[in-house]
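Participant: My structure is below; once you've seen it, I'll send some questions.
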Amino acid sequence: MPTVLTWGKASLGALGLFGSEHTSVTSPHQIQSLEGVEIRNISSGDNHTLVCVRDGSVRSWFK
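See below:
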């Protein structure tokens, strides 16, 4: 199953790195909460990330 990686400005929580105190992530980090999840699509913007899961649910991180 593919691994989901994230990086960028994390001060608003849009990267999905919960419990992290980093405000900027300069190298790819795995989103642990998506490990083993079958993902259909990922979309992100300046302040949010949306993940469509194969079971029909949606996961989100946002400001």
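So the sequence shown is residues -16 to 46, counted in the numbering used here.
Note that beta-carbon positions come from the ideal geometry of N, C-alpha and C, so glycine has one too.
1) Does the beta-carbon of threonine -14 have 16 or more other beta-carbons within 10 angstroms, so that it is buried, or is it exposed?
2) In this structure, how does DSSP classify serine 16 when only helix, strand and coil are distinguished?
3) Could you spell out where the beta strand (DSSP E) holding glycine 39 opens and where it closes?
4) Which stretch, first to last residue, makes up the beta strand (DSSP E) that contains asparagine 24?
5) Return the residue from the list Asp29, Glu18, Lys(-8) and Asp38 that minimises the CA-CA distance to valine 8.
Facilitator: According to the data block:
1) exposed
2) helix
3) Careful: glycine 39 lies outside any beta strand (DSSP E) and carries neither H nor E.
4) First-last of the beta strand (DSSP E) with asparagine 24: 22 to 27.
5) Lys(-8)
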